[in-house]
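Novice: Those protein sequence lines, which keep their order, are chains A and H. Each residue of the first sequence is one higher than the one before, counting from 1 in this note's numbering. Each residue of the second sequence is one higher than the one before, counting from 1001 in this note's numbering. Think of the CB as a built atom: it goes at the ideal place given N, C-alpha and C, for glycine as much as any other residue.
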Amino acid sequence: MGITRRNLLKAALVGVAHPLLPVRGIVSQAFAAPGAADAKFLLVFLRGGYDAANVVIPIGSDFYYEVRPTIAIPKPDAANSNAAVPLARANDAADWGLHPALAESMLPLWRRGHLGFVPFAGTSDLTRSHFETQDSIESGMPVSPAGGQRTYGSGFLNRLAAALDAEAAPVAFTDGLPMVMAGDVVVPNVSLKGTGKPPFDERQMDLLAGMYAGTRFQPLISEGFALRKTVAEQAEMMAQGGTPGEMQAANRNALTARGFELEARRMAGLMKEKFNIGFIDVGGWDTHVNQGGAQGQLANLLASLGDGLAAFADQMGPAWNQTVVCVLSEFGRTFRENGTRGTDHGHGSVHWILGGGISGGRVAGEQVAVTPQTLNQNRDFPVLTEYRSMLAGIFRRIYSLDSARLARIFPNAASVDLGLL
Amino acid sequence: MGAPLPTVGIRGRVSLLAAIAAAVAIAVPTASSPAKAAPLSRGELRWLSRVTFGIDSATLARYRTIGREKFLDEQLHPPADDPPRLLAAIAALQVSRQTAQARIAANRAEQQRIAALAAETDKQQARTALNQAGGQVVYETAKRHLMRALASPSQLREQLTWFWMNHFSVFSGKANVRWTLAEYEERAVRAHALGRFSDLVLATATAPAMLEYLDNAQSAAGRINENYARELMELHTLGVSGGASGSTYTQTDVQELARVLTGVGLNLTDAAPRLPPNQQALYVRAGLFEFNPARHDFGTKTVLGHTIAGRGLPEVEEAIVLLCRQPATARFISFKLATYFVADAPPPALVEKMARTFLKTDGSIAAVLREMFLDRSLIAALDVPEPTLEKFKDPLQFVVSSMRLAYDGKWITNHHPAVNWLQQLGEPLYGRVTPDGYPLTEAGWSSSGQLVRRFEIARAIGSGNAGLFNEDDNTPGPGTGFPMLGSRVFFDAIDPALSARTREAFGRASSQQEWNMLLLASPDWMQR
Chain A
1 MGITRRNLLK AALVGVAHPL LPVRGIVSQA FAAPGAADAK FLLVFLRGGY DAANVVIPIG
61 SDFYYEVRPT IAIPKPDAAN SNAAVPLARA NDAADWGLHP ALAESMLPLW RRGHLGFVPF
121 AGTSDLTRSH FETQDSIESG MPVSPAGGQR TYGSGFLNRL AAALDAEAAP VAFTDGLPMV
181 MAGDVVVPNV SLKGTGKPPF DERQMDLLAG MYAGTRFQPL ISEGFALRKT VAEQAEMMAQ
241 GGTPGEMQAA NRNALTARGF ELEARRMAGL MKEKFNIGFI DVGGWDTHVN QGGAQGQLAN
301 LLASLGDGLA AFADQMGPAW NQTVVCVLSE FGRTFRENGT RGTDHGHGSV HWILGGGISG
361 GRVAGEQVAV TPQTLNQNRD FPVLTEYRSM LAGIFRRIYS LDSARLARIF PNAASVDLGL
421 L
Chain H
1001 MGAPLPTVGI RGRVSLLAAI AAAVAIAVPT ASSPAKAAPL SRGELRWLSR VTFGIDSATL
1061 ARYRTIGREK FLDEQLHPPA DDPPRLLAAI AALQVSRQTA QARIAANRAE QQRIAALAAE
1121 TDKQQARTAL NQAGGQVVYE TAKRHLMRAL ASPSQLREQL TWFWMNHFSV FSGKANVRWT
1181 LAEYEERAVR AHALGRFSDL VLATATAPAM LEYLDNAQSA AGRINENYAR ELMELHTLGV
1241 SGGASGSTYT QTDVQELARV LTGVGLNLTD AAPRLPPNQQ ALYVRAGLFE FNPARHDFGT
1301 KTVLGHTIAG RGLPEVEEAI VLLCRQPATA RFISFKLATY FVADAPPPAL VEKMARTFLK
1361 TDGSIAAVLR EMFLDRSLIA ALDVPEPTLE KFKDPLQFVV SSMRLAYDGK WITNHHPAVN
1421 WLQQLGEPLY GRVTPDGYPL TEAGWSSSGQ LVRRFEIARA IGSGNAGLFN EDDNTPGPGT
1481 GFPMLGSRVF FDAIDPALSA RTREAFGRAS SQQEWNMLLL ASPDWMQR
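As structure tokens, then:
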């Protein structure tokens, strides 16, 4: 019998006393080939179009300070905790600075080379519409020059799962199935925002599943129960301060973590043990009004995101070395602040790449000095690195995918290697 | 079997269950109530579960009194007004007592007041309060929608209100849509839900919510925004070009239609634009709606090969009537209605028949639905034990049908739980971000996470009152306890059609609440 995700989940469902440990063993045997099988990929989608220019900040640009009179982040200054933190290797002059709200959570990863940024990244979709651009990014299909036909078909993570076939174990940590995971492969979904309590006891699950025996819903229900049980068990262990499957003594913040950080830790617990392609979205980035500077709306969102990502890295343990996380958003925002101390829908963004095995600590990809002339339509960041090419490069690297399989995931995209992994 | 925990002797199950059953003193409904009418056939149940959001006692009684055809005709031509209690409850809502124009004006005034505030903390507080006020308007609109879906006898009108709100979808989170949403649903959509399709399209085309949501308010001669023009063809009338409806419009048609629509927009202020004398007579203002001739392209347009002389707002009606009379529109709309009510892949012959009626009656929605619901082959197909025309309930149908069965006629006061359930199941009212509306087929709603979530909601409804009888601000209401789903309606309509596996699970229920949950979580109940 081949080891498939469904079989693993079934094994968990039928009640192995401690489902995480034995399953983990099976995974190691099944994924004998190094590389592809152990590699894990998480996509974090910041919905709303986050203001990349205030997160990875062009601190060398006078233009930046000129056109953002109330929201600019001050130039690096060790004495000022509200100042940008320079993103540079020792002795190099920094062109870019990091938002101070991310200093505590992200600088340690940056210094270890576990975090890199790709500015001027995004899609060629120029509608500046949240939903069209999110859809178009999640579908991963080329954008027609006329902007005409939309694709409401499959998403690129579903096609990635199809390309990896039996090795794929995708999951969406969302209430519904997001566009990016829609397609031919059945992908389970579960939101980790709740309490994590198991929804039903064994007898009830048995009763409920029994009604569906022999129907087309049977496998979905088995998967749904298995996933919820796993989530519950993992939440339970985390609440007790233990880390499943590892001999780690302490689990920093396990009891105090809140919001996205708790979600991220639970996500890591599941990705470490059961899944290798994950998706989560984080909302609230559409900061048209009063987005704030070093403090305020955007800063609070960033602090929570940073804490979550750092917690995810921590919770992954040794598996962090085989993990790649990509953080992206549908578009950047206008380079100039608007009349309401915020920013409007723009174009180019900054994508984040994280992972224990990457060569980070770098701002990667093609870059230009930010001036009115280099802005796209004299309005926003241009796109110099297309997200499909970037992700194709990542997938080629971590899953050893050949061009034919990559073309099924991202048709007509030339993969680029940004040297980050 | 299938009764909720009938006497223990019949089942001869483990004594533990017997003890529990005795302890919770389950009221076993008697199947031999007085004046017992013959149970519904399987086909009648499935038919009634589609004409309505789900059966309750009133539905069942009415159907039995007047029969299938008259029941349908009543649903197709409902009285303008709902029963007094429902009318009064809706009239009492804040959202019924203020116009969109007043809400927009109040919002603008508050924005100005906030801008003038000195302290940043005061500003932040006032903004949060304004946001909450906006959220409350959307909640009240959803509450009104749910009240009608649950309690109106005109069930088909309310289903069509949802269907058309989804077809002409707007997102409450965009720009000012939240403030104009209630009128959009009431006047543009619900008022025409069973009327003429072209009236419905025209009403949505000139509604502030749609003009803002699909950006036509931004579109002006020389600064065209094609967004609405494209969706008007692709999503609202003809169906995507090259698709199954036989639609064949081109990018040029989209551009030409966008020119027709220039100047159709909004005016959120009290001031009228200054216009040259020759344009003043062409200016139209109605509430927030504005046709501004200064923004209109007065050139001649060609849409689908048809010449439209440039003359202002009347062009819009001409173009919309043109779109609505296309055979592609007749097929597209008929197919979508049949997908919602009949099956994910509705029989092509049925769709063709509906489309012919659509063209013959110049888009009478009631006539098309009558053709569909009284179709002989449909009625026959619904009656076979393993139906070929299955229809998986979408989240709203699941939640509303479950509440109608569980709380049969009881007056629900707090709709927050139902709003939350719809959110959890991924189908919040007015929450679809994209203009294509929520999916109407099973694949959109049967992910593993969503199925388990349905079971949890089945338990919430079956095992207590879920807070539904609290006040709207959640102050506790009368303690009503858990519902009794093993009711007359159950025995007369649902029980006869249950599958063996579901009955078997019922036999193992350890309490009335669990039995309730199993019924609402059963595969039988997931289908219309």
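Taking only the alpha-carbon atoms, compute the straight-line gap between Val1024(H) and Arg1050(H) and give it to the nearest angstrom.
Specialist: Annotation note: pLDDT 43 at Val1024(H) (below 50); position unreliable, coordinate value reported separately. Approximately 35 Å between the Cα atoms of the pair.
Novice: Is the shortest distance between the beta-carbon of Phe1455(H) and the beta-carbons of chain A less than 9 Å?
Specialist: Yes, Phe1455(H) counts as interfacial toward chain A.
Novice: Shorter than 9 Å from the beta carbon of Ser1447(H) to some beta carbon of chain A?
Specialist: Output row for Ser1447(H): interface = yes.
Novice: Would DSSP call Lys1410(H) helix, strand or coil?
Specialist: It is coil, neither helix nor strand.
Novice: Within 10 angstroms of its Cβ, does Pro1208(H) collect 16 or more other Cβ (buried), or is it exposed?
Specialist: With 16 or more other Cβ atoms within 10 Å, it is buried.
Novice: Between Tyr50(A) and chain H, is any beta-carbon pair separated by less than 9 Å?
Specialist: No, Tyr50(A) lies away from the interface with chain H (no Cβ there is under 9 Å from its Cβ).
Novice: Relative to the C-alpha of Val44(A), which candidate in Gly224(A), His347(A), Val327(A) and Ala166(A) has its C-alpha closest?
Specialist: Among Gly224(A), His347(A), Val327(A) and Ala166(A), the Cα nearest to that of Val44(A) is on Val327(A).
Novice: At a Cβ threshold of 9 Å, is Met1165(H) touching chain A?
Specialist: Answer no: the Cβ-Cβ gap between Met1165(H) and chain A never drops below 9 Å.
Novice: Under a three-way DSSP split, which group does Val1260(H) fall into?
Specialist: Three-state DSSP puts Val1260(H) in a helix.
Novice: For Thr1262(H) and His1296(H), which I take to be in contact (beta-carbon distance under 8 Å), what is that distance rounded to the nearest angstrom?
Specialist: About 5 Å; that satisfies the 8 Å criterion.
Novice: From the DSSP secondary-structure annotation, give me the bridge partner or partners of Leu43(A).
Specialist: Its beta-bridge partners are Phe279(A) and Cys326(A).
Novice: Hey, quick one: how far does the alpha helix (DSSP H) through Thr1302(H) stretch, first residue to last?
Specialist: Per DSSP, Thr1302(H) belongs to no alpha helix (DSSP H); it is in the beta strand (DSSP E), Lys1301 to Val1303.
Novice: Helix, strand or coil: which one does DSSP assign to Trp1162(H)?
Specialist: Helix, per DSSP.
Novice: Might you give, ordered along the chain, the residues of its own chain that have their beta carbon closer than 6 Å to the beta carbon of Arg68(A), omitting 5 neighbours on each side?
Specialist: Glu337, listed in sequence order.
Novice: Can you give me the C-alpha to C-alpha distance between Pro22(A) and Gln234(A), rounded to a whole angstrom?
Specialist: Any reading at Pro22(A) must be qualified, since the residue scores a pLDDT of 30, below 50, and its modelled position is unreliable; the value itself is stated next. Rounded to whole angstroms, Pro22(A) to Gln234(A) spans 15 Å at the Cα level.
Novice: Report the partner residues of Val56(A) according to the DSSP bridge assignment.
Specialist: DSSP output for Val56(A) lists Leu98(A) as bridge partner(s).
Novice: Where does Asp380(A) fall in DSSP's three states?
Specialist: Correct three-state label for Asp380(A): strand.
Novice: Hey, does Gln204(A) have any beta-carbon neighbour from chain H nearer than 9 Å?
Specialist: Yes - at least one Cβ of chain H is within 9 Å of the one on Gln204(A).
Novice: Going along the chain, which residues of its own chain have a beta-carbon closer than 7 Å to the beta-carbon of Leu1322(H), five neighbours each way excluded?
Specialist: Here the set comprises Val1303, Leu1304 and His1306.
Novice: Taking only three categories from DSSP, how would you classify Val186(A)?
Specialist: Coil at Val186(A), not helix or strand.
Novice: Between the Cα of Phe41(A) and the Cα atoms of Ile277(A), Tyr64(A) and Gln315(A), which residue gives the shortest distance?
Specialist: Comparing Cα-Cα distances from Phe41(A) to each of Ile277(A), Tyr64(A) and Gln315(A), the minimum goes to Ile277(A).
Novice: Could you pull out every residue in the same chain whose Cβ sits closer than 7 Å to the Cβ of Met205(A), ignoring the five residues on either side in sequence?
Specialist: Contacts found: Phe225.
Novice: Closer than 8 Å by C-beta to Gly1444(H): which residues in its own chain qualify, once you throw out the five before and the five after it? Chain order, please.
Specialist: So the list reads Asp1394 and Tyr1438, once near-sequence residues are dropped.
Novice: Got a sec: which bits of the segment 263-293 of chain A sit with their beta carbon under 7 Å from any beta carbon on chain H, in order along the chain?
Specialist: Result list empty, no residue passes.
Novice: Measure the Cβ-Cβ separation of Leu1440(H) and Phe1398(H) and say whether it is below 9 Å.
Specialist: Cβ distance not < 9 Å, so Leu1440(H) and Phe1398(H) don't count as in contact.
Novice: If I measure Cβ to Cβ from Ala257(A) and keep anything under 7 Å in the same chain, skipping five residues before and after, which residues do I get?
Specialist: With a pLDDT of 44 at Ala257(A), under the threshold of 50, the modelled position of this residue cannot be trusted; read the value that follows with caution. Closer than 7 Å at the Cβ level, and outside the excluded window around Ala257(A), lie Arg265 and Ala311.
Novice: So, at 6 Å on beta carbons, what are the nonlocal neighbours of Pro76(A) in its own chain, with the 5 sequence-adjacent residues on each side left out?
Specialist: Ala83, Ala84, Pro86 and Gly97, listed in sequence order.
Novice: Distance check for Pro119(A) and Ala53(A), CA to CA, integer angstroms please.
Specialist: If you take the alpha carbons of Ala53(A) and Pro119(A), they lie about 9 Å apart.
Novice: Closer than 7 Å by beta-carbon distance: list the chain A residues that pair up with Arg1508(H), in chain order.
Specialist: Neighbours of Arg1508(H) on chain A, chain order: Leu207.
Novice: According to DSSP, what are the bridge partners of Leu1266(H)?
Specialist: Per DSSP, Phe1289(H).
Novice: Of all the options Ala1092(H), Asp1122(H) and Arg1157(H), which has the alpha carbon lying nearest to the alpha carbon of Leu1076(H)?
Specialist: Among Ala1092(H), Asp1122(H) and Arg1157(H), the Cα nearest to that of Leu1076(H) is on Arg1157(H).
Novice: So which of Asn1227(H), Ala1088(H), Ser1499(H) and Ile1457(H) has the shortest CA-CA distance to Tyr212(A)?
Specialist: Tyr212(A) has its Cα closest to that of Ser1499(H), out of Asn1227(H), Ala1088(H), Ser1499(H) and Ile1457(H).
Novice: Beta strand (DSSP E) containing Trp110(A): first to last residue?
Specialist: First-last for Trp110(A): Ala103 to Arg111, but that is the alpha helix (DSSP H), not the beta strand (DSSP E).
Novice: Count the CB pairs spanning the segment 181-191 of chain A and the segment 287-296 of chain A that are closer than 8 Å, and state whether there are at least three.
Specialist: Too few Cβ pairs lie closer than 8 Å, so no.
Novice: List, from N- to C-terminal side, the alpha helix (DSSP H) runs of 4 residues or more that fit wholly inside the segment 1312-1373 of chain H.
Specialist: For the segment 1312-1373 of chain H, whole alpha helix (DSSP H) runs of length 4 or above, ordered along the chain, are 1314-1324, 1327-1341, 1348-1360 and 1365-1373.
Novice: Using CA coordinates, which residue listed in Asp1408(H), Gln1101(H), Ala1126(H) and Thr1121(H) is at the minimum distance from Gly1112(H)?
Specialist: According to the sequence shown, residue 1112(H) is Gln rather than Gly. Per the Cα distances, Ala1126(H).
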